[in-house]
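**Student:** One structure, as structure tokens, below. Some questions next.
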Amino acid sequence: MSLPLLPKSTATPTEDTQSDSAYADSIIHSTSSLTSSIVNYTYENGRRYHAFRDGEYPLPNDEKEQDRLDLFHHIYKLLLNGDLFCAPIPPNPQRVLDFGTGTGIWALDIADQFTSAEVIGTDLSPIQPQWVAPNCTFEIDDIESEWTFGRPFNFIHSRNMGGSIRDWDKLYAKIYQHLQPGGYAEIQEFETWVVSDDDIELKNAPNVLRMLQEVAKASENFGKELNIAPKVKQGMIDAGFEDVTDKVYKVHLNETFSSLLCWLIILSILPAPSRPIAKRSPTEGDRNVPTLADARRY
Numbered sequence: 001m002s003l004p005l006l007p008k009s010t011a012t013p014t015e016d017t018q019s020d021s022a023y024a025d026s027i028i029h030s031t032s033s034l035t036s037s038i039v040n041y042t043y044e045n046g047r048r049y050h051a052f053r054d055g056e057y058p059l060p061n062d063e064k065e066q067d068r069l070d071l072f073h074h075i076y077k078l079l080l081n082g083d084l085f086c087a088p089i090p091p092n093p094q095r096v097l098d099f100g101t102g103t104g105i106w107a108l109d110i111a112d113q114f115t116s117a118e119v120i121g122t123d124l125s126p127i128q129p130q131w132v133a134p135n136c137t138f139e140i141d142d143i144e145s146e147w148t149f150g151r152p153f154n155f156i157h158s159r160n161m162g163g164s165i166r167d168w169d170k171l172y173a174k175i176y177q178h179l180q181p182g183g184y185a186e187i188q189e190f191e192t193w194v195v196s197d198d199d200i201e202l203k204n205a206p207n208v209l210r211m212l213q214e215v216a217k218a219s220e221n222f223g224k225e226l227n228i229a230p231k232v233k234q235g236m237i238d239a240g241f242e243d244v245t246d247k248v249y250k251v252h253l254n255e256t257f258s259s260l261l262c263w264l265i266i267l268s269i270l271p272a273p274s275r276p277i278a279k280r281s282p283t284e285g286d287r288n289v290p291t292l293a294d295a296r297r298y
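In terms of UniProt numbering, the sequence shown has 180 at position 180, counting the first letter as 1, and numbering is strictly consecutive.
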């Protein structure tokens, strides 16, 4: 089920529509109720979380988190030399889906780049702009529910969905089924594990190691694995995709934090508290805060 974000109706009942006015009012009231329910957010440990399918997504949706998501968008653009994707999609795609769209920043950029395309962004949270390009729409939906899109897509995109999906194999199958012949899917994920060339076991960074272990345990208990990046290629191959390419971009994090990209990644990853981590401890959020603080000191 998806809930489109629609403006209020401005239609005025006429003689021909009076008999249907009660029915129409009922529909409008029902839609309004659904719309209002998705903004009845949950608040925990000083952060705001989505209301639709409450608890299915582990991270907040407040302004601080929205800033972090937009920052990640710019990180990906830096990594991709300004591009929004890697797939060799045709120059004029007609239908594009961005599931887990977040603030909608990627979908909006794609809509600007391909003005003839119909771009749809879906998310659990209604945090997208109300005023968008005419070829871009946003829907509140759980991508793991039944897909009800009427027509297939030329391009399906997602980013940073690790920790949000219970059954990736089933999702890959849905993506495959809803692509037009010759269409492309692109899954952009960052690996949630720090790797050191000369310290494989992270003995010199015990606090970072502890944080990574806590996050891994929390996502495992939550039933939605976070570090799925290394498994995406094989998952897509198993779903039937052809010509699957896995592009890996290494970003060096060092003591001097000499590059802008390095600083952006540090700023975008560490401030994000995880709801599953907080719920692992009886003290709620008390346990994960020092973990993140300690990780900043290695």
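C-beta: ideal position from N, C-alpha, C; glycine also. These figures come from a predicted structure and were not determined experimentally.
#1: Tell me whether Gly100 sits in a helix, a strand or coil according to DSSP, three-state version.
#2: How would you call Gly121, buried or exposed, if buried means at least 16 neighbouring beta carbons within 10 angstroms?
#3: Tell me which residues share the same chain as Gln66 and place their Cβ nearer than 8 Å to its Cβ, disregarding the 5 neighbours each side in the sequence.
#4: How do the stretch 129-138 and the stretch 193-211 stand: do at least 3 beta-carbon pairs fall below 8 Å, yes or no?
#5: With Ala51 and Tyr43 assumed to form a contact (beta carbons below 8 Å), what rounded beta-carbon distance in angstroms separates them?
#6: So the alpha helix (DSSP H) Leu171 belongs to, where does it begin and stop?
#7: How is the beta strand (DSSP E) around Phe153 delimited, first residue to last?
#8: Which complete alpha helix (DSSP H) runs does the stretch 56-119 hold, if anything under 4 residues is left out?
#9: Please return the same chain residues whose Cβ sits closer than 7 Å to the Cβ of Lys231, not counting the five positions on each side in sequence.
#10: What's the C-alpha gap between Gln113 and Glu201?
#11: Going by C-alpha to C-alpha distance, which of Asp54, Leu59 and Asp70 sits closest to Val215?
#12: Since I believe Gly163 is in contact with Ser233 (beta carbons under 8 Å), could you give me their beta-carbon distance rounded to a whole number of angstroms?
#13: In three-state terms, what does DSSP make of Gln213?
#14: How is Pro129 classed by DSSP in three states: helix, strand or coil?
#15: Would Ile89 pass as a contact of Asn154 if the rule is Cβ separation under 8 Å?
#16: If Asp123 sits next to Gly100, beta carbons under 8 Å apart, how far is it from one beta carbon to the other, in whole angstroms?
#17: Do the CB positions of Asp83 and Ile105 come within less than 8 Å of each other?
#18: Report the three-state DSSP secondary structure of Pro181 (helix, strand or coil).
#19: Could you say which of Arg159, Arg166 and Ala87 lies nearest to Glu144 if we only look at CA atoms?
#20: Rounded to whole angstroms, how far is the Cβ of Pro152 from the Cβ of Gly183, which I believe are closer than 8 Å?
**Tutor:** Once the coordinates are examined:
#1: On the sequence shown, residue 100 is found 100 positions in, with the first residue counted as 1. Here DSSP, grouped into helix, strand and coil, assigns Gly100 to coil.
#2: Residue 121 sits at position 121 when you count from the first residue of the sequence shown. Per the 10 Å Cβ criterion, buried.
#3: For the purposes of this step, residue 66 is taken as the residue at position 66 of the sequence shown. Same-chain partners within the cutoff: Gly102, Thr103 and Ile127.
#4: They do not touch, by the three-pair rule.
#5: One-based indexing of the sequence shown puts residue 51 at position 51. One-based indexing of the sequence shown puts residue 43 at position 43. Going by Cβ atoms, the distance from Ala51 to Tyr43 rounds to 11 Å, so no, they are not a contact pair.
#6: To locate residue 171, count along the sequence shown from 1; it is residue 171. Where Leu171 is concerned, the enclosing alpha helix (DSSP H) stretches over Trp168 to Gln177.
#7: By one-based count along the sequence shown, residue 153 stands at place 153. From DSSP, the beta strand (DSSP E) with Phe153 extends over Phe153 to Arg159.
#8: Restricting attention to alpha helix (DSSP H) runs no shorter than 4 residues, the stretch 56-119 encloses them at 63-79 and 105-113, ordered along the chain.
#9: By one-based count along the sequence shown, residue 231 stands at place 231. Result list for Lys231: empty, nothing under 7 Å.
#10: The residue given as residue 113 occupies position 113 in the sequence shown. The residue given as residue 201 occupies position 201 in the sequence shown. Each residue's alpha carbon lies about 44 Å from the other.
#11: Position 215 of the sequence shown, counted from the start, is the residue given in the question as residue 215. Per the Cα distances, Leu59.
#12: Stepping through the sequence shown from its first residue, residue 233 is reached at position 233. Stepping through the sequence shown from its first residue, residue 163 is reached at position 163. Going by the sequence as given, residue 233 is Lys instead of Ser. The distance from the Cβ of Lys233 to that of Gly163 is about 19 Å, inconsistent with a contact at the 8 Å cut-off.
#13: As a first step, residue 213 must be located in the sequence shown, where it is residue number 213. Under the three-state reduction of DSSP, Gln213 is assigned to helix.
#14: Taking the first residue of the sequence shown as position 1, residue 129 is located at position 129. Three-state DSSP puts Pro129 in coil, outside helix and strand.
#15: As a first step, residue 89 must be located in the sequence shown, where it is residue number 89. As a first step, residue 154 must be located in the sequence shown, where it is residue number 154. Their beta carbons are under 8 Å apart, which means Ile89 touches Asn154 by this criterion.
#16: Against the sequence shown, residue 123 aligns to sequence position 123. Against the sequence shown, residue 100 aligns to sequence position 100. Confirmed, about 6 Å.
#17: The residue labelled residue 83 in the question sits at position 83 within the sequence shown. The residue labelled residue 105 in the question sits at position 105 within the sequence shown. One thing to note: Asp83 has its Cβ no nearer than 8 Å to the Cβ of Ile105.
#18: Residue mapping note: residue 181 aligns to position 181 of the sequence shown, counting from 1. DSSP places Pro181 in strand when its eight states are reduced to three.
#19: Here residue 144 corresponds to residue number 144 of the sequence shown, with the count starting at 1. The residue from Arg159, Arg166 and Ala87 with its alpha-carbon nearest to that of Glu144 is Arg166.
#20: Locating residue 152 in the sequence shown gives position 152, counting from the first residue. Locating residue 183 in the sequence shown gives position 183, counting from the first residue. At roughly 7 Å, the Cβ-Cβ gap stays under 8 Å, so Pro152 and Gly183 are in contact.
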